[in-house]
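These notes concern the structure reproduced below.
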Amino acid sequence: MKMTTEEAFVKTLQAHGIRHAFGIIGSAMMPISDIFPAAGITFWDCAHEGSAGMMADGYTRATGEMSMMIAQNGPGITNFVTAVKTAYWNHTPCLLVTPQAANKTIGQGGFQEMEQMNLFRDCVAYQEEVRDPTRICEVLARVIAKAKRLSGPAQINIPRDFWTQVIDIAIPQPVEFETSPGGTESIAKAAQMLSEAKFPVILNGAGVVLAAGGIESSRILAERLDAPVCVGYQHNDAFPGSHPLFAGPLGYNGSKAGMELISKADVVLALGTRLNPFSTLPGYGIDYWPTDAQIIQVDINPDRIGLTKKITVGIVGDAAKVARGINAHLSDSAGDAGRADRKALIAQKKSAWAQELTSLDHEQDDPGTTWNERARAARPDWMSPRQAWRAIQAAMPEEAIISSDIGNNCAIGNAYPTFPAGRKYLAPGLFGPCGYGLPAIIGAKIGQPDMPVIGFAGDGAFGISVNELTAIGRDEWPAITQIVFRNYQWGAEKRNSTLWFDDNFVGTELDMKVSYAGIAQACGLKGVQVRTMDELTGALRTAIKDQMHNHETTLIEVILNQELGEPFRRDAMKKPVKVAGISAADMAVQ
Numbered sequence: 035m036k037m038t039t040e041e042a043f044v045k046t047l048q049a050h051g052i053r054h055a056f057g058i059i060g061s062a063m064m065p066i067s068d069i070f071p072a073a074g075i076t077f078w079d080c081a082h083e084g085s086a087g088m089m090a091d092g093y094t095r096a097t098g099e100m101s102m103m104i105a106q107n108g109p110g111i112t113n114f115v116t117a118v119k120t121a122y123w124n125h126t127p128c129l130l131v132t133p134q135a136a137n138k139t140i141g142q143g144g145f146q147e148m149e150q151m152n153l154f155r156d157c158v159a160y161q162e163e164v165r166d167p168t169r170i171c172e173v174l175a176r177v178i179a180k181a182k183r184l185s186g187p188a189q190i191n192i193p194r195d196f197w198t199q200v201i202d203i204a205i206p207q208p209v210e211f212e213t214s215p216g217g218t219e220s221i222a223k224a225a226q227m228l229s230e231a232k233f234p235v236i237l238n239g240a241g242v243v244l245a246a247g248g249i250e251s252s253r254i255l256a257e258r259l260d261a262p263v264c265v266g267y268q269h270n271d272a273f274p275g276s277h278p279l280f281a282g283p284l285g286y287n288g289s290k291a292g293m294e295l296i297s298k299a300d301v302v303l304a305l306g307t308r309l310n311p312f313s314t315l316p317g318y319g320i321d322y323w324p325t326d327a328q329i330i331q332v333d334i335n336p337d338r339i340g341l342t343k344k345i346t347v348g349i350v351g352d353a354a355k356v357a358r359g360i361n362a363h364l365s366d367s368a369g370d371a372g373r374a375d376r377k378a379l380i381a382q383k384k385s386a387w388a389q390e391l392t393s394l395d396h397e398q399d400d401p402g403t404t405w406n407e408r409a410r411a412a413r414p415d416w417m418s419p420r421q422a423w424r425a426i427q428a429a430m431p432e433e434a435i436i437s438s439d440i441g442n443n444c445a446i447g448n449a450y451p452t453f454p455a456g457r458k459y460l461a462p463g464l465f466g467p468c469g470y471g472l473p474a475i476i477g478a479k480i481g482q483p484d485m486p487v488i489g490f491a492g493d494g495a496f497g498i499s500v501n502e503l504t505a506i507g508r509d510e511w512p513a514i515t516q517i518v519f520r521n522y523q524w525g526a527e528k529r530n531s532t533l534w535f536d537d538n539f540v541g542t543e544l545d546m547k548v549s550y551a552g553i554a555q556a557c558g559l560k561g562v563q564v565r566t567m568d569e570l571t572g573a574l575r576t577a578i579k580d581q582m583h584n585h586e587t588t589l590i591e592v593i594l595n596q597e598l599g600e601p602f603r604r605d606a607m608k609k610p611v612k613v614a615g616i617s618a619a620d621m622a623v624q
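When you line the sequence shown up against our numbering, it's residues 35 to 624, in that order.
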């Protein structure tokens, strides 16, 4: 069938159901963006490509449907790097389309020229360049299939002079691959270990959320064993929060109940998780990882099995299918050893932690430091981060989708939210980009317009994506609710300064004259400032109502004191030692 290359490209997108594209308009992509409206593809023209990529990540994580990132070759495409690497570690199958400088001039250092394949080599799960216009559909179909199969972003690089050429080609249809249920022997061995376990614990990761039926399959298995279920760092939605066996998130600012319970495990089923370091590092002074336990690790990617922890059995497969396979091979007496005592202990640990979490108002200082004490004394009437999170919990709808950003105040909140289902908690992940919270929740709302959504960010991280406020007020954009924790500092770095650099605050202070609520108002949105718990709860309830019924976006600027939570990387920092000494007098004069 004869058609132009851009028609072939868009018809292939249609065959794979890719309905949304995020980016900034540019001449290199205009041959295809011109026909997006006729094809039923919505192009979301953002304020910055980095945010556009995070919107695509948020959309796909909230819906399970692939979306697309696209922009102008060169500087437009380079702005996607952080977002694409974020999607990689979030295991998000997104399509990255990178129009390339024209073949006839490439290598001459022409306008907006960049070697885009090498740029993303470490950021994508798969990449391929179109070598001939007649292969454009073949390559695109393969790139999309690889993104889905490898559960990560995949890149297609297209020289811009390949557009507007007439080719004779058939549109390839999607080929669906069945995911593995795991090896027969490894499933049998895992079932035997769990059948004989006296204190089995399940640790759910992102793979449980991504697998069809993963959460339900893990619930059935957990109930069969009466095993507590922990979740990995930033995966609070990987098990129903109201379930009596749910023990909460491990790792940084996680659940003490989960940490104390997994420390007692003799067998751990790590289901759909690569056991990332932040999910296993000590927390609250508890070194909880059960080093003597037998570990069963399930991951769809064999390269990640046994990568961070010593394991007993590795299973390459889909988390839902593996859980069902293990359940089918359990002995009749599986879970009976110590069942009553284990259930009682789970209930007791959960209750104790819930009471402690509810009573926490302030952050503790490490011995020898006094910053948090001073922060409270300096602003005794201002809310603390934990007071703010409790006020938020009082108003947050159960069905809400939330996004988080990287940073101290968002991290303090990691222990608080629970969810009835998966695809509800969009955190920035292990690449740790600032500026994720706002664009991710916009993407989620585009994908789930009937769900209430709330984005969270600290004021430092929010400054990186604040320009998106200039984009999202247009009528075609959905309404969202964004909370900005305003403590006028880069909190994580400031905590590092208090612990290891003698309160030498280099680059940690933000401008107290800036009002993010005022910026929102200037962009035609609703911006409010709150200073008390009651004001915050009331403002959030109103904002959700306005979002869902009045198509109104609200930014809530939460004024906080400057208390600082746990540092992100106690394992990676230490007190520096002065040897030669540094003096400004040694600076050369140019």
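All C-beta atoms, glycine included, are put in the ideal place defined by N, C-alpha and C.
As the structure is a computational prediction, the values presented were derived from the model and not from experiment.
In the DSSP output, which residue or residues are listed as bridge partners for residue 437?
Taking the first residue of the sequence shown as 1, we reach residue 437 at position 403. Looking at the DSSP assignment, residue 437 forms a beta bridge with 460, 489.
Report the option in 205, 384, 152 whose CA atom is closest to the CA atom of residue 264.
As a working note, residue 264 is residue 230 in the sequence shown. When only C-alpha atoms are compared, the closest one is 384.
Where does residue 125 fall in DSSP's three states?
Translated into the one-based positions of the sequence shown, residue 125 becomes position 91. In the structure shown, residue 125 sits in coil (DSSP, three-state: anything other than H, G, I, E or B).
Please report how far the alpha carbon of residue 143 lies from the alpha carbon of residue 475, in whole angstroms.
As a position in the sequence shown, residue 143 is number 109, starting the count at 1. As a position in the sequence shown, residue 475 is number 441, starting the count at 1. Residue 143 and residue 475 have their C-alpha atoms some 38 angstroms from each other.
Residue 355 to residue 331, Cα distance in whole Å?
Taking the first residue of the sequence shown as 1, we reach residue 355 at position 321. Taking the first residue of the sequence shown as 1, we reach residue 331 at position 297. When rounded, the distance between both Cα atoms is 14 angstroms.
Give me the Cα-Cα distance between residue 77 and residue 100, rounded to the nearest whole angstrom.
Within the sequence shown, residue 77 is the residue found at index 43, counting from 1. Within the sequence shown, residue 100 is the residue found at index 66, counting from 1. Looking at the two C-alpha atoms, the distance is approximately 14 angstroms.
Would you report the Cα separation of residue 567 and residue 598, rounded to the nearest angstrom?
Looking up residue 567 in the sequence shown gives position 533. Looking up residue 598 in the sequence shown gives position 564. Straight across, the Cα-Cα distance linking residue 567 with residue 598 is about 18 angstroms.
Going straight from the alpha carbon of residue 548 to that of residue 493, what length do you get?
If you number the sequence shown from 1, residue 548 lands on position 514. If you number the sequence shown from 1, residue 493 lands on position 459. Looking at the two C-alpha atoms, the distance is approximately 10 angstroms.
Residues in the same chain with beta-carbon distance under 8 angstroms from residue 550, minus the five sequence neighbours each way, listed in chain order, please.
The residue given as residue 550 occupies position 516 in the sequence shown. Cβ neighbours of residue 550 within its own chain (closer than 8 angstroms, five residues either side excluded): 493, 496, 500, 518, 520, 561, 589, 591.
Between the beta-carbon of residue 26 and the beta-carbon of residue 594, is there less than 7 angstroms?
Outside the modelled stretch of the chain, which goes from 35 to 624, sits residue 26, for which no answer is possible.
Rounded to whole angstroms, what is the Cα-Cα separation between residue 364 and residue 49?
Looking up residue 364 in the sequence shown gives position 330. Looking up residue 49 in the sequence shown gives position 15. C-alpha separation (whole angstroms): 42 angstroms.
Among the candidates 348, 279, 312, whose CA atom is the shortest distance from the CA of residue 306?
Within the sequence shown, numbered from 1, the residue matching residue 306 stands at position 272. For residue 306, the nearest C-alpha among the options comes from 348.
How many angstroms separate the CA atom of residue 46 from the CA atom of residue 55?
Residue 46 sits at position 12 when you count from the first residue of the sequence shown. Residue 55 sits at position 21 when you count from the first residue of the sequence shown. Residue 46 and residue 55: Cα-Cα distance of roughly 14 angstroms.
Quick check: the region 197 to 214 against the region 71 to 85, are at least 3 beta-carbon pairs closer than 8 angstroms?
no
Please state if the CB of residue 187 and the CB of residue 158 are separated by a distance shorter than 7 angstroms.
Taking the first residue of the sequence shown as position 1, residue 158 is located at position 124. Taking the first residue of the sequence shown as position 1, residue 187 is located at position 153. Result yes, Cβ atoms of residue 158 and residue 187 sit closer than 7 angstroms.
Using a Cβ distance threshold of 8 angstroms, determine whether the region 482 to 489 contacts the region 434 to 454, with at least three qualifying pairs required.
yes
Verify the CB distance criterion: does residue 245 have a CB-CB separation below 7 angstroms to chain C?
Annotation note: the requested chain C is absent from the structure, which comprises a single protein chain.
Looking at the unbroken beta strand (DSSP E) that takes in residue 569, where does it start and where does it end?
On the sequence shown, residue 569 is found 535 positions in, with the first residue counted as 1. Element bounds for residue 569: not the beta strand (DSSP E) but the alpha helix (DSSP H), 567 to 583.
Contact between the region 292 to 308 and the region 226 to 243: three or more CB pairs below 8 angstroms?
yes
Residue 425 to residue 290, Cα distance in whole Å?
Taking the first residue of the sequence shown as 1, we reach residue 425 at position 391. Taking the first residue of the sequence shown as 1, we reach residue 290 at position 256. Residue 425 and residue 290: Cα-Cα distance of roughly 21 angstroms.
N-terminal and C-terminal residue of the beta strand (DSSP E) that residue 77 is part of
Indexing the sequence shown from 1 puts residue 77 at position 43. Looking at the DSSP string, the run of the beta strand (DSSP E) that includes residue 77 is 76 to 79.
Minimum C-alpha distance to residue 125 - residue among 461, 380, 254
Sequence index remark: in the sequence shown, residue 125 carries index 91 (1-based). For the residues 461, 380, 254, the minimum Cα distance to residue 125 belongs to 461.
Can you tell which of 466, 563, 624 has its C-alpha closest to the C-alpha of residue 119?
Numbered from its first residue, the sequence shown carries residue 119 at position 85. Selected option, being the one with the closest Cα: 466.
Assign residue 557 to one of three DSSP states: helix, strand, or coil.
On the sequence shown, residue 557 is found 523 positions in, with the first residue counted as 1. It is coil, neither helix nor strand.
Residue 504 vs residue 581 beta-carbon contact at 7 angstroms
For the purposes of this step, residue 504 is taken as residue 470 along the sequence shown, with counting starting at 1. For the purposes of this step, residue 581 is taken as residue 547 along the sequence shown, with counting starting at 1. It is not a contact, given that the beta carbons lie outside the stated cut-off.
Just to confirm my understanding: we take residue 60, look at its own chain, exclude 5 residues before and 5 after, and list those with CB closer than 8 angstroms. What are they?
Stepping through the sequence shown from its first residue, residue 60 is reached at position 26. Closer than 8 angstroms at the Cβ level, and outside the excluded window around residue 60, lie 105, 106, 107, 110, 133.
Rounded to a whole number of angstroms, what is the C-alpha to C-alpha distance between residue 167 and residue 152?
Here residue 167 refers to the residue found at position 133 of the sequence shown. Here residue 152 refers to the residue found at position 118 of the sequence shown. Approximately 21 angstroms between the Cα atoms of the pair.
With a threshold of 8 angstroms, are at least 3 pairs of Cβ atoms found where one atom belongs to the region 88 to 100 and the other to the region 449 to 464?
yes
For residue 333, which beta-bridge partners are listed by DSSP?
Your numbering for residue 333 matches position 299 in the sequence shown. DSSP lists 350 as partners of residue 333.
Output the boundary residues of the beta strand (DSSP E) element that contains residue 160.
One-based indexing of the sequence shown puts residue 160 at position 126. Here the beta strand (DSSP E) through residue 160 covers 160 to 163.
Kindly indicate the opening and closing residues of the alpha helix (DSSP H) around residue 516.
The sequence position of residue 516 within the sequence shown is 482, counting from 1. Note, residue 516: premise wrong, no alpha helix (DSSP H); beta strand (DSSP E) at 515 to 520.
Under 8 angstroms: do the region 239 to 259 and the region 269 to 288 share three or more Cβ pairs, one atom per stretch?
They touch, by the three-pair rule.
Do you know how far the Cα of residue 371 is from the Cα of residue 468?
For this step, residue 468 is matched to residue 434 along the sequence shown. For this step, residue 371 is matched to residue 337 along the sequence shown. Between residue 468 and residue 371, the C-alpha separation is close to 46 angstroms.
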